[in-house]
Amino acid sequence: MQPVYVTAAAQCLPGPPIGNEAMADHIGRLSPEAERFGRLTLRQNRIRTRHYAIRSDGSSDWTVAKLAGQAVRSLIDGAEVARGRIGFLATATTQNDLMVPGLASGVHADSGLPPLEIASLQSVCASSVMALKAAALQVAAGEHQAAIVVGAEFSSRYFRPEHYRGTDTVQADGTLPGDAEFLRWTLSDGAAALMIEDRPAAHGLSLRIDWISLRSFADRFAPCMTGGAVHGTDGALTPWSLVEGGSAAAAKAGAFQLRQDVDALYRMLPVWMGEFMRLTDEGRIDPDAVDWFLCHFSAHSLREEMARLATKAGCMIPEERWFTNLYDKGNVGAAALFLLIDDLMRSARLEPGQRILCAVPESGQCIMAFAGLTVVGDKQ
Numbered sequence: 001m002q003p004v005y006v007t008a009a010a011q012c013l014p015g016p017p018i019g020n021e022a023m024a025d026h027i028g029r030l031s032p033e034a035e036r037f038g039r040l041t042l043r044q045n046r047i048r049t050r051h052y053a054i055r056s057d058g059s060s061d062w063t064v065a066k067l068a069g070q071a072v073r074s075l076i077d078g079a080e081v082a083r084g085r086i087g088f089l090a091t092a093t094t095q096n097d098l099m100v101p102g103l104a105s106g107v108h109a110d111s112g113l114p115p116l117e118i119a120s121l122q123s124v125c126a127s128s129v130m131a132l133k134a135a136a137l138q139v140a141a142g143e144h145q146a147a148i149v150v151g152a153e154f155s156s157r158y159f160r161p162e163h164y165r166g167t168d169t170v171q172a173d174g175t176l177p178g179d180a181e182f183l184r185w186t187l188s189d190g191a192a193a194l195m196i197e198d199r200p201a202a203h204g205l206s207l208r209i210d211w212i213s214l215r216s217f218a219d220r221f222a223p224c225m226t227g228g229a230v231h232g233t234d235g236a237l238t239p240w241s242l243v244e245g246g247s248a249a250a251a252k253a254g255a256f257q258l259r260q261d262v263d264a265l266y267r268m269l270p271v272w273m274g275e276f277m278r279l280t281d282e283g284r285i286d287p288d289a290v291d292w293f294l295c296h297f298s299a300h301s302l303r304e305e306m307a308r309l310a311t312k313a314g315c316m317i318p319e320e321r322w323f324t325n326l327y328d329k330g331n332v333g334a335a336a337l338f339l340l341i342d343d344l345m346r347s348a349r350l351e352p353g354q355r356i357l358c359a360v361p362e363s364g365q366c367i368m369a370f371a372g373l374t375v376v377g378d379k380q
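If you're matching positions, the sequence shown starts at 1 in the UniProt record's numbering and goes up one per residue.
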């Protein structure tokens, strides 16, 4: 297997940054009580601004495929690689625009690329690492000289009041169940893409991909972040397609709302930390040797708990080495890791030889993903 490198990165963030004071007007107002819950959520996640692909009236010119396609076009325009060398495209998202076909087909159609091999990866945040590993292995095996990996999300299309009103989930005071309301004030939109090649860029810095690890713990946990199911009183999930009464009954029952069990999320933290410790014991991770820690987390409160557990376990990476953009760009799910990599590469803070550790915990049904990178090339 030959070495592979991230040689370029790009992103697409739709619309202007939306501050906290403008959030309710942009995604729509449900009730004063819902907005009170929203302010509490914002104090927990500490996100100050984010981007939405919807306008304040709920209309949009975007789709997930178009967001990803714009990131891919920007990537190609800024990269050194010729289009003819790009032979593979892998996409990552939580929810595609369509049930059929896959996202990669839509992104390929929007990208302007000629015929090539594609792969559509769908999970939640960790789908980014699934797509990254698929692309890296393709290039490492010599199947392709260059590949593109892109993550994209369009969560705000599910947050307008009309998506909830008339459903059984809206309570008498106009609020939603906490697991739905939390995501409404946390998730945002955007896309980011990476170029993966069998050689470093001729100019500037590249990131050598040293290793990638991803593990599912779905054998231990029920689904935590869900969409497309009706929640029973006993906690059981019924897929929308099996709801008696058809899709209309499923919609009324709230099947098409994004939900996240925050209590279950925190029960996953020790498992995620255990995976960190396993890789440390195996020698893949050396906390003292990490120069930049790119950890995707959905809220500042989660970051604090992760830091507490790492400190207790004696493997804490000093917080001055943590690089994050959560507070200014929000939680962009499957695009988050690639946004972090792009922002770090543009920051002028990288030096040849530095080591980067990427971490993506996913609450969908408990996944933990890591990647180790090394900065190579000449700084310009």
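Built from N, CA and C at the ideal position, the CB exists for glycine as well.
Here the structure is a predicted model, which is why all the values come from computation and not from measurement.
- Residues of the same chain with a CB within less than 8 angstroms of the CB of G232, apart from the 5 flanking positions on each side, are T238 in chain order.
- CA-to-CA, the gap between T226 and D378 works out to about 44 angstroms.
- Per DSSP, the beta bridge partners of P239 are A229.
- Contact check for I47 against G330 passes: the beta carbons are separated by less than 9 angstroms.
- Within its own chain, the residues whose Cβ lies closer than 6 angstroms to the Cβ of V107, once the five positions on either side in sequence are excluded, are A65, A68, G69 and T91, listed in chain order.
- When secondary structure is reduced to three states using DSSP, A65 falls in the helix class.
- Secondary structure of I212 (DSSP, three-state): strand.
- Ranking L30, V360, V81 and V124 by CA distance to the CA of F276 puts V360 first.
- Contact check for R199 against T374 fails: the beta carbons are separated by 9 angstroms or more.
- With a cut-off of 8 angstroms on Cβ pairs, the segment 247-258 is not in contact with the segment 298-308, counting fewer than three such pairs.
- Per DSSP, T41 is not a residue of any beta strand (DSSP E); the alpha helix (DSSP H) it occupies stretches across P32 to N45.
- If you keep only unbroken beta strand (DSSP E) runs of at least 3 residues inside the segment 232-296, you get 237-239 and 292-295.
- When C-beta atoms of the segment 116-130 are compared with those of the segment 313-321, fewer than three pairs fall below 8 angstroms, so the two segments do not count as touching.
- In the DSSP assignment, P361 forms a beta bridge with M368.
- When the beta-carbon positions are compared, A147 and C12 stay at least 9 angstroms from each other.
- For G87, the three-state secondary structure derived from DSSP is strand.
- A distance below 6 angstroms between beta-carbons, with the five flanking residues on each side excluded, links A335 to the following residues of its chain, in chain order: G151, A152, E153, G190, A191 and A192.
- Note on geometry: alpha-carbon atoms of S120 and E21 lie some 36 angstroms from one another.
- Within the same chain, and ignoring the five residues on either side of P14 in sequence, the residues whose Cβ sits closer than 8 angstroms to its Cβ are H51, Y52, A53, W62, L67, D189 and G190.
- The alpha helix (DSSP H) runs of length 4 or more contained entirely in the segment 164-226 are, from start to end of the chain, 178-184.
- Scanning its chain for C-beta atoms nearer than 8 angstroms, with the 5 sequence neighbours on each side dropped, one finds around P352 the residues L205, V375, V376, G377, D378 and K379, in chain order.
- Rounded to whole angstroms, the gap between the alpha carbons of A251 and D291 is 47 angstroms.
- Around the beta carbon of L98, a 10 Å sphere encloses fewer than 16 other beta carbons of the protein chains shown; the residue is thus reported as exposed.
- Contact annotation: the segment 153-173 does not touch the segment 72-88, with fewer than three C-beta pairs closer than 8 angstroms.
- Distance between P3 and I196, taken at the CA atoms: about 10 angstroms.
- Positions of the alpha helix (DSSP H) runs, each at least 4 residues long and wholly inside the UniProt domain "Thiolase N-terminal" (59-156), are given as 64-78, 103-111 and 127-140 in order along the chain.
- In this structure H296 is in contact with L340, their Cβ atoms being roughly 7 angstroms apart against a cut-off of 8 angstroms.
- DSSP lists T374 as the beta-bridge partner residues of R355.
- Beta-bridge annotation (DSSP): N331 is paired with L187.
- In this chain, the beta strand (DSSP E) harbouring T7 covers Y5 to C12.
- Of the residues assessed, P16 falls on the exposed side of the cut-off, its CB having fewer than 16 other CB atoms within 10 angstroms.
- Take the alpha-carbon of F370 and the one of L42: they are about 27 angstroms apart.
- In the DSSP assignment, the residues bridged to T49 are G19.
- The alpha-carbon of V139 is positioned some 18 angstroms away from that of F338.
- Of all alpha-carbon atoms in F37, G314, A134 and P32, the one lying nearest the alpha-carbon of D179 is that of F37.
- With 16 or more other CB atoms across the displayed protein chains lying within 10 angstroms of its CB, L183 is buried.
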